[in-house]
Structure formats: structure tokens, C-alpha cells
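Okay, so here's the structure we're looking at.
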Amino acid sequence: HADGLLGPAAIRDLARQLDLRPTKSLGQNFLHDANTIRRIVRTAELRPDDVVLEVGPGLGSLTLGLLPAATAVTAVEIDPRLAELLPRTVAERRPDLAGRLTVVEADALRLSGLPGRPPTALVANLPYNVAVPVLLHLLELLPSLRRALVLVQAEVAERLAAPPGSPAYGVPSVKAAWYGRAHRAGNVGRRVFWPEPNVDSGLVALDRTDPPPGDRAATFAVVDAAFATRRKGLRAALARWAGSPAAAEARLRAAGIDPSTRGEQLSVADFARLAATAP
Ligand code: SAM
Numbered sequence: 006h007a008d009g010l011l012g013p014a015a016i017r018d019l020a021r022q023l024d025l026r027p028t029k030s031l032g033q034n035f036l037h038d039a040n041t042i043r044r045i046v047r048t049a050e051l052r053p054d055d056v057v058l059e060v061g062p063g064l065g066s067l068t069l070g071l072l073p074a075a076t077a078v079t080a081v082e083i084d085p086r087l088a089e090l091l092p093r094t095v096a097e098r099r100p101d102l103a104g105r106l107t108v109v110e111a112d113a114l115r116l117s118g119l120p121g122r123p124p125t126a127l128v129a130n131l132p133y134n135v136a137v138p139v140l141l142h143l144l145e146l147l148p149s150l151r152r153a154l155v156l157v158q159a160e161v162a163e164r165l166a167a168p169p170g171s172p173a174y175g176v177p178s179v180k181a182a183w184y185g186r187a188h189r190a191g192n193v194g195r196r197v198f199w200p201e202p203n204v205d206s207g208l209v210a211l212d213r214t215d216p217p218p219g220d221r222a223a224t225f226a227v228v229d230a231a232f233a234t235r236r237k238g239l240r241a242a243l244a245r246w247a248g249s250p251a252a253a254e255a256r257l258r259a260a261g262i263d264p265s266t267r268g269e270q271l272s273v274a275d276f277a278r279l280a281a282t283a284p
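For the sequence shown, the UniProt record's numbering assigns the number 6 to the initial residue and increments by one for each residue that follows.
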């Protein structure tokens with residue numbers, strides 16, 4: 006490709022250079038379709054002055070698409086072989102943009118800071134088994150992120166973007182809503198990955214908003230409790246969290262919530278208000 010993007014032949018070639026057998030537990034499914042890359046970058050709606058954080062650059066498929074669209078890209082990769090290869094791949098295919106790239110070899114879940122300018126946008130094809138915890142950790146760690154566009158399993162995309170009261174609404178939906186407004190931003194079929202995963206994928210965009218008033222950790226604790234026993238009304242589901250069913254009922258009433266409602270009906274602001282009631 007004239008723009009340096011990686012197609013199937015280039016991906017095969019890079020994998021051969023590393024003698025790479027993609028690791029399932031690290032969610033190593035690499036994009037090999039230039040049109041999908043262009044679509045993801047377009048959907049990210051980057052500004053020229055954006056500093057992009059990419060988690061899991063892998064062989065560099067998305068990285069090569071992001072570099073022309075941003076002022077800098079910081080790529081965090083857990084696999085040392087991939088972290089080492091990436092600067093060379095970029096230097097070969099886009100020598101003009103290589104100066105924009107910083108590669109950090111690290112586990113994104115354990116990240117406690119980043120070198121360089123604070124990132125303003127997260128754009129990533131996330132490793133599937135840790136997609137939600139990685140997304141939440143980075144939104145919490147990096148308040149400079151104003152937008153996130155992530156590619157995740159279709160089912161996870163649906164959960165992240167689900168509004169209160171909808172069937173897919175659950176813990177990931179509420180926690181994501183603490184940080185911003187999430188919406189589905191497109192579907193991506195399994196054929197554009199090597200190796201091909203067993204499920205289709207979806208894009209989710211999240212635009213940061215101010216969190217509701219309240220304490221994040223206390224709010225997340227009541228969210229976890231409310232969804233732990235899905236079919237129960239909140240009075241029963243929150244008995245252990247509150248100390249007793251009566252205490253749960255009192256706190257629900259203090260927050261203006263009907264004790265027979267189920268967690269699926271509450272917004273993140275409702276949960277924050279509930280967490281703030283006196284025990
Ligand atoms: N961005 C590349 C692409 O689109 O082709 C690769 C995406 S692949 C789905 C996920 C990548 O995340 C892999 O390169 C994998 O090694 C990396 N990875 C997995 N777990 C990680 C973690 N905890 N922190 C950072 N990178 C991780």
C-alpha cells in the first residue's frame with residue numbers, strides 16, 4: 006500500500022521474521038485489511054494536535070494508520086518481541102513519521118504513567134480478554150484522554166454502549182458511563198484478522214464527560230454488588246453491601262430509589278447517589 010499500511014502479505018512476512026505464533030491469551034489477532042484500518046482512523050475523528058495512546062500495537066497495523074493523523078503516538082505493548090520490532094517496521098514503511106512514535110513495553114493493566122506529552126485520545130484494537138479492565142484503567146489513570154475509540158468483541162461493544170434498562174446493560178456499561186458517553190461506532194467482521202477469531206468485533210467510541218458527583222470507588226462497589234445477583238430486586242441484592250436487607254432498604258429510600266427496582270434500571274448517577282447515602 007502506498008500509505009505504508011499492512012496487508013495480508015506484509016503481516017505474514019512480519020510474523021515470519023519473528024517466527025511468531027500468535028498467543029491466544031494475549032489476544033493476538035492482527036488486522037490485515039487496509040480499508041478497516043482507514044475506517045477506524047476516520048471514526049476516531051482525530052485532530053492534528055492529538056497525542057494518541059495505542060494499547061497493543063502488535064505488528065503495527067493500526068499504528069501505521071494513526072501516525073499520519075496525530076502529532077504523536079505512544080504505543081504500549083506487552084510482548085517484548087512485538088515492542089522491539091515496531092520501531093523498525095515504522096522506520097521502514099514510514100520513515101517520514103517515525104519520529105512521532107514512542108514504544109513502551111509494558112502491561113497496560115499495570116501502567117502507572119507514560120513518558121512524553123499526556124495522551125488526548127485512546128485508539129486501540131484491544132486484547133479481547135482484558136478489554137474492559139484496560140479501558141477502565143486507562144480512563145481512570147489518564148484524565149487527559151478526551152476520547153476513546155476501541156475495537157472489542159461485538160458482545161462487549163454492545164455492553165459498553167448499553168443504556169439503562171436495555172438487556173445488555175450491566176457492570177461494564179455503568180462503569181464506562183462514569184467516564185463518558187459511549188456509543189457503538191461500527192461493526193468489524195472476523196475476516197479482517199489474522200488469525201481469524203471466533204467472534205465478530207465492534208467499535209465503541211467514548212467521549213469523556215464530567216463524572217457524577219460522588220466517590221468513584223464507593224460507586225463501583227455498589228455497582229458490583231447490585232449486579233452480582235441479577236434476578237433479585239435491589240433490596241435483596243444489596244443486603245450484604247449495606248449490612249442487612251433493612252439497611253439496604255433504608256439507603257435505597259434515602260437515595261430516592263424504589264427498593265424493588267433491579268440494578269438494570271439504575272443510571273450511573275443513581276448508583277453514585279446511592280453510594281453517598283449514610284450507612
Ligand atoms: N493493534 C494490532 C492490530 O490491530 O493488528 C494488534 C491488536 S491484538 C488484538 C492485541 C495486542 O495487544 C497484541 O499485540 C498483544 O500482544 C497486546 N497485548 C495483550 N495484552 C496486553 C496488555 N495487558 N498490555 C499491553 N498490550 C497487550
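Ideal Cβ placement from N, Cα and C applies to all residues, glycine included.
*According to DSSP, which residues form a beta bridge with E82?*
E110
*Per-residue DSSP class, three states only, for D101*: helix
*Is any heavy atom in the ligand SAM found nearer than 7 Å to the beta carbon of I83?*
yes
*Contact set for R267: own chain, Cβ-Cβ below 7 Å, skip 5 residues either direction*: G238, L239
*With a Cβ-Cβ cutoff of 8 Å, do residue 288 and A280 count as a contact?*
No statement about residue 288 is possible, as the shown extent of the chain runs from 6 to 284 and does not include it.
_In the DSSP assignment, the alpha helix (DSSP H) including N203 goes from what residue to what residue?_
Run containing N203: none; DSSP gives neither H nor E here.
*Separation of R186 from A153, as counted between CA atoms*: 10 Å
_Contiguous alpha helix (DSSP H) assignments of at least 4 residues, all confined to the region 147-185_ = 159-166, 176-184
*Nearest to F276 by CA position, among T224, R235, P250, is which residue?*
T224
_Within 8 Å, strictly: CB atoms of V78 and T68_ = yes
*Determine the burial state of P13: buried for a count of at least 16 other Cβ atoms within 10 Å of its Cβ, exposed for fewer.*
exposed
*Please go through the same chain and pick out, in chain order, the residues whose beta-carbon is closer than 8 Å to the beta-carbon of S265, but skip the five residues on each side of it.*
G238, L239, R240
*With a cut-off of 8 Å, do at least 3 Cβ pairs link the region 144-162 to the region 198-218?*
yes
*Go ahead and label H37 buried or exposed: buried means 16 or more other beta carbons lie within 10 angstroms of its beta carbon, across all protein chains shown.*
buried
*Start-end ranges of the alpha helix (DSSP H) lying completely within the region 36-90, minimum 4 residues*: 39-49, 66-71
*Does the region 96-103 come close enough to the region 121-141 that 3 or more CB-CB pairs lie under 8 Å?*
no
_Short Cβ contact (8 Å threshold) for V273 with P217_ = yes
*Tell whether a beta-carbon distance below 8 Å holds between R43 and G9.*
no
*Are the beta-carbon atoms belonging to E110 and P73 less than 8 Å from one another?*
no
_Residue of A126, R47, L91, E82 minimising C-alpha distance to P132_ = E82
*Under three-state DSSP, which class holds H6?*
coil
*Report all residues from its chain with a CB closer than 6 Å to the CB of L91; omit the five preceding and five following residues, and keep chain order.*
P62, G65, V108
*Do A230 and A222 have their C-beta atoms closer together than 8 Å?*
no
*Limits of the unbroken beta strand (DSSP E) element including A274*: Counting along the chain, A274 falls outside any beta strand (DSSP E), though it belongs to the alpha helix (DSSP H) covering 273-280.
*Can you tell me whether Q22 is buried or exposed, with buried defined as 16 or more other CB within 10 angstroms of its CB?*
exposed
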